[in-house]
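Undergrad: I have a structure I would like to understand better, so I am pasting it below and will then ask my questions one at a time.
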């Protein structure tokens, strides 16, 4: 254990003192976050397109409609619930207000001095677009309150129910922050090949083999170092996203940390496969590039899979990064799943096991 | 460094190699090698590059498995007890393999953490004259400094047996002598040393016993005197050629076996040096001359190597 800790410390020091490694694993993704943040966080007065589903059909609904429109923040689009939900998933509307049957009757009864049972509007919002969801909640609550005030002296007749509808139309920054984290983890893992090949080429691995240090300690220390750096990357990228770009992280930290660990391990194992086949440091550099760029651009981490042509999407289906990006997006910002979270983790796990088997077979210490 | 009592191993052997073979593809790198290193001695494997010295040494260090044969280090079978052996031996590889971004002190501390028994880094830094470079990253060290650090790492666990693979290759003469002094110091502390070298004068200067290797085989083993004495019984008496003493007269002198000339010097090969010198001085006195630059020359390890392999050992 003592030797594991001191070897990990030595490897971490070597990493921190290697300016190039530091740039690619920490500064590069941060630059990406800042770049995307600047491009996509353009301001402007907020105005929301909102679906309006009238299931009541009484004149009282007209009053509600004009109350919404008077707020000045929303443009209403009429339609059925199904049609509006489809529109919301496509990003055409930011939320949906449903007026269930019976609302008009209750309001009329209250105005006539009765005490009808409370009724409620239903508001659909996307939790991953926290700012928008919050704004729509405020507006809808205000409409309900003003309706209640109009029938003063009575217990409030109109409430608001909240429903979540996850969409793939995350705000751009919310979409990209998990993507950049996934990219950073991918690079971190794949680049693990380089110090490994370096240490083999410089005969450091051989020298370590001449000490009583068990081999699992060598592997364990490499993995420990990568996990520590992964934690730093996550804190940095998520921190900047939350603090400066208004990304709302909805997932629990435990789930995020677990997923980051699974992702880092999977890509470190791919790094080991590269180190198994690269004889020289130059070869390792070349191979990491060959693996890295297709992963980056064909994995749907920067371009949503939906907008890809079919042939490209079928390539992306094989990329482990597709699944890490998808999983991080689901857990961190509540993005709509490409596949269920369990499938994401299973695919990453399958890659991990396959890569471990391959590098167990082909990795050479000297 | 720590004084070490000769102990019970003083009489025994620390390395036993019996008929070890190792091939890489079609190349027989080590082809039936047997030798023994005694406790407390400096044993040298001498031979040209590619002779199988490093392969033999690395098998003893547990870095390569033999195809056949038996390797005992400190009484333990290397193929079965590699980890236990590694705790007690010190290893210096031919290429100094250091973490380039770590400082001298950090690398020593790191390697120290791998062993149960360890010497303080401060003492190693002092003993190997690395104090100035204590906090320098190893990538910025000179060749001699790297080599000394590499030896320091081989001593970090206070080993009983030290393996040094070509420890002075690439060093300038002063640095080489410094390292010889250090290796002799290891012996003085009671450690045993197995080293490889392709420098004849290095083997002559510091090795108690030498095995001459070529093409994966050991051609002969012994002290330098034994190796020479086995082949070259006669010695040569050398002096500046005296025109007044003819070859005919010289060859008549007591015990002289042969007379030769080399660049203005005369060589008298003899089986009995004192007798021939006496006769030579007598003859010179009789002729009224005195031999200048008189000295006794013996065959060197180089002559032995030439005799054994049919070629000279060059860098």
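Residue numbers (this note's numbering), protein chains in the order written: chain A, 1 to 366; chain B, 1001 to 1315. All residues carry an ideal CB built from backbone N, CA and C; glycine is no exception.
What does the alpha-carbon distance come out to for the pair residue 61 of chain A and residue 165 of chain A?
TA: Position 61 of the first chain, counting from 1, holds the residue named residue 61 of chain A. Position 165 of the first chain, counting from 1, holds the residue named residue 165 of chain A. The alpha-carbon atoms of residue 61 of chain A and residue 165 of chain A are separated by roughly 24 angstroms.
Undergrad: When DSSP labels each residue in this structure, what does residue 284 of chain A get in the three-state scheme?
TA: Walking along the first chain from the start, residue 284 of chain A turns up at place 284. Three-state DSSP puts residue 284 of chain A in a helix.
Undergrad: Counting C-beta neighbours from all protein chains within 10 Å, is the total for residue 1053 of chain B 16 or more, i.e. buried, or is it exposed?
TA: By 1-based counting over the second chain, the position of residue 1053 of chain B is 53. When all chains shown are included, residue 1053 of chain B counts as buried.
Undergrad: Short of 8 angstroms in beta carbon distance, which residues of its chain neighbour residue 1295 of chain B, apart from the five on each side in sequence? Order them along the chain.
TA: Position 295 of the second chain, counted from the start, is the residue given in the question as residue 1295 of chain B. Within its own chain, the residues whose Cβ lies closer than 8 angstroms to the Cβ of residue 1295 of chain B, once the five positions on either side in sequence are excluded, are 1237, 1238 and 1239, listed in chain order.
Undergrad: Write down the C-beta distance between residue 271 of chain A and residue 192 of chain A rounded to the nearest angstrom, noting that I regard them as a contact closer than 8 angstroms.
TA: As a working mapping, residue 271 of chain A is identified with position 271 in the first chain. As a working mapping, residue 192 of chain A is identified with position 192 in the first chain. The pair is a contact, with the Cβ atoms about 4 angstroms apart (cut-off 8 angstroms).
Undergrad: Answer with yes or no whether the minimum CB distance from residue 1162 of chain B to chain A is below 8 angstroms.
TA: Reading the second chain from its first residue, position 162 is the one you call residue 1162 of chain B. Judged by the 8 angstroms Cβ criterion, residue 1162 of chain B is not in contact with chain A.
Undergrad: Note down, in chain order, each residue of its chain lying with its Cβ closer than 6 angstroms to the Cβ of residue 1038 of chain B, except the 5 sequence neighbours on either side.
TA: As a working mapping, residue 1038 of chain B is identified with position 38 in the second chain. Closer than 6 angstroms at Cβ, skipping near neighbours: 1013.
Undergrad: Tell me the DSSP secondary structure of residue 45 of chain A in three-state form.
TA: On the first chain, residue 45 of chain A is found 45 positions in, with the first residue counted as 1. For residue 45 of chain A, the pLDDT reaches just 49, beneath the cut-off of 50, and the residue's location in the model is therefore unreliable, although a value from the coordinates is still provided. Of the three classes helix, strand and coil, the one that applies to residue 45 of chain A here is coil, per DSSP.
Undergrad: Quick check: is any heavy atom of the ligand NAP less than 7 angstroms from the C-beta of residue 1224 of chain B?
TA: In terms of ligand content, the structure shown is empty, and the ligand NAP therefore cannot be addressed.
Undergrad: Which whole runs of the beta strand (DSSP E) in the stretch 263 to 333 of chain A are 3 residues long or more, in chain order?
TA: With a minimum length of 3 residues, no continuous beta strand (DSSP E) run stays inside the stretch 263 to 333 of chain A.
Undergrad: Who pairs with residue 65 of chain A in a beta bridge, going by DSSP?
TA: By one-based count along the first chain, residue 65 of chain A stands at place 65. DSSP, once it has assigned bridges, lists no residue as partnering residue 65 of chain A.
Undergrad: With DSSP as the reference, label residue 1313 of chain B as helix, strand or coil.
TA: As a position in the second chain, residue 1313 of chain B is number 313, starting the count at 1. Residue 1313 of chain B: coil per DSSP, three-state reduction.
Undergrad: Let me make sure I understand the geometry here. Which of B:1051, B:1073 and B:1069 has the alpha-carbon closest to that of residue 1061 of chain B?
TA: Taking the second chain and counting its residues from 1, the one referred to as residue 1061 of chain B is at position 61. For residue 1061 of chain B, the nearest C-alpha among the options comes from B:1073.
Undergrad: Determine the closest residue to residue 1090 of chain B out of B:1222, B:1167, B:1259 and B:1235, with distance taken between C-alpha atoms.
TA: Translated into the one-based positions of the second chain, residue 1090 of chain B becomes position 90. Answer by Cα proximity: B:1167.
Undergrad: Enumerate, from N- to C-terminal direction, the unbroken alpha helix (DSSP H) stretches of 4 or more residues contained entirely within the stretch 142 to 197 of chain A.
TA: 172 to 190
Undergrad: Who does residue 1016 of chain B pair with in a DSSP beta bridge?
TA: Within the second chain, numbered from 1, the residue matching residue 1016 of chain B stands at position 16. Answer is B:1036 and B:1072, bridged to residue 1016 of chain B.
Undergrad: Check the Cβ of residue 229 of chain A against every Cβ in chain B and list those closer than 8 angstroms, keeping chain order.
TA: Translated into positions along the first chain, residue 229 of chain A becomes position 229. Residues of chain B passing the Cβ test: none, with the nearest at roughly 15 angstroms.
Undergrad: Could you tell me which chain B residues have their CB closer than 7 angstroms to the CB of residue 212 of chain A, listed as they occur along the chain?
TA: Here residue 212 of chain A refers to the residue found at position 212 when the first chain is read from its first residue. Under the 7 angstroms cutoff, chain B gives 1083, 1086, 1087, 1114 and 1115.
Undergrad: Anything in chain B within Cβ reach of residue 18 of chain A, meaning under 7 angstroms, just list it in chain order.
TA: Here residue 18 of chain A is taken as the residue at index 18 of the first chain, counted from 1. By Cβ distance, chain B contributes 1101.
Undergrad: Using 8 angstroms for Cβ pairs, my map puts residue 1097 of chain B next to residue 1216 of chain B. What's the rounded Cβ distance?
TA: The sequence position of residue 1097 of chain B within the second chain is 97, counting from 1. The sequence position of residue 1216 of chain B within the second chain is 216, counting from 1. In fact, because the Cβ distance is near 25 angstroms, the residues do not count as touching under 8 angstroms.
Undergrad: Determine contact between the stretch 106 to 119 of chain A and the stretch 76 to 95 of chain A, defined as no fewer than three beta-carbon pairs at a distance below 8 angstroms.
TA: no
Undergrad: Measure the Cβ-Cβ separation of residue 256 of chain A and residue 331 of chain A and say whether it is below 8 angstroms.
TA: Working through the first chain from its first residue, we reach residue 256 of chain A at position 256. Working through the first chain from its first residue, we reach residue 331 of chain A at position 331. Yes. Within cutoff.
Undergrad: So residue 207 of chain A contacts chain B; which residues on that side make the cut at Cβ distance below 7 angstroms?
TA: Working through the first chain from its first residue, we reach residue 207 of chain A at position 207. Those within 7 angstroms of residue 207 of chain A in chain B are 1093 and 1097.
Undergrad: Ordered along the chain, which non-local residues of its own chain (more than five positions away) have a Cβ less than 6 angstroms from that of residue 382 of chain A?
TA: Since the first residue shown for chain A is 1 and the last is 366, residue 382 of chain A is missing from the structure and cannot be characterised.
Undergrad: Just to confirm the assignment: which complete beta strand (DSSP E) runs, minimum length 3, are found wholly within the stretch 1164 to 1211 of chain B?
TA: 1192 to 1197
Undergrad: Taking residue 1148 of chain B as the reference, which of B:1024, B:1162, B:1182 and B:1119 has the closest Cα?
TA: As a working note, residue 1148 of chain B is residue 148 in the second chain. Among B:1024, B:1162, B:1182 and B:1119, the Cα nearest to that of residue 1148 of chain B is on B:1182.
Undergrad: In angstroms, rounded to a whole number, what distance separates the CA positions of residue 71 of chain A and residue 181 of chain A?
TA: Taking the first chain and counting its residues from 1, the one referred to as residue 71 of chain A is at position 71. Taking the first chain and counting its residues from 1, the one referred to as residue 181 of chain A is at position 181. So the alpha carbons of these two residues sit roughly 38 angstroms apart.
Undergrad: Within its chain, find whatever has a CB closer than 8 angstroms to the CB of residue 281 of chain A; leave out the 5 residues flanking it on each side and keep chain order.
TA: Position 281 of the first chain, counting from 1, holds the residue named residue 281 of chain A. These residues qualify, in order along the chain: 194, 197, 198 and 201.
Undergrad: How would you label residue 1092 of chain B, buried or exposed, when you count the other beta carbons within 10 angstroms and need 16 or more for buried?
TA: By 1-based counting over the second chain, the position of residue 1092 of chain B is 92. When all chains shown are included, residue 1092 of chain B counts as buried.
Undergrad: Enumerated in chain order, which unbroken segments of the beta strand (DSSP E) with a length of 3 residues or greater are wholly contained in the stretch 1047 to 1101 of chain B?
TA: Counting only unbroken stretches of 3 or more residues, the beta strand (DSSP E) elements lying wholly within the stretch 1047 to 1101 of chain B are 1068 to 1073 and 1089 to 1092, in sequence order.
Undergrad: With a threshold of 7 angstroms on Cβ separation, who are the neighbours of residue 140 of chain A within its own chain once the five nearest residues in sequence on each side are excluded?
TA: Here residue 140 of chain A is taken as the residue at index 140 of the first chain, counted from 1. Here the set comprises 97, 121, 123 and 160.
Undergrad: Mind checking residue 1206 of chain B: buried by the 16 CB within 10 Å criterion, or exposed?
TA: As a working note, residue 1206 of chain B is residue 206 in the second chain. Under this definition residue 1206 of chain B is a buried residue.
Undergrad: Return the residues of the stretch 1060 to 1076 of chain B that lie within a Cβ-Cβ distance of less than 8 angstroms from chain A, sorted by chain order.
TA: From the stretch 1060 to 1076 of chain B, only 1061, 1062 and 1063 have a Cβ closer than 8 angstroms to chain A.
Undergrad: Looking at the structure shown, is residue 391 of chain A part of a helix, part of a strand, or coil, going by DSSP?
TA: Residue 391 of chain A lies beyond the stretch modelled for chain A, which goes from 1 to 366, so this question has no answer here.
Undergrad: Going by CA-CA distance only, name the one from B:1086, B:1022, B:1050 and B:1075 that's closest to residue 212 of chain A.
TA: For the purposes of this step, residue 212 of chain A is taken as residue 212 along the first chain, with counting starting at 1. Closest by alpha carbon: B:1086.
Undergrad: Shortest alpha-carbon distance to residue 1154 of chain B belongs to which of B:1135, B:1111 and B:1070?
TA: On the second chain, residue 1154 of chain B is found 154 positions in, with the first residue counted as 1. Of the candidates B:1135, B:1111 and B:1070, the one whose C-alpha sits nearest the C-alpha of residue 1154 of chain B is B:1111.
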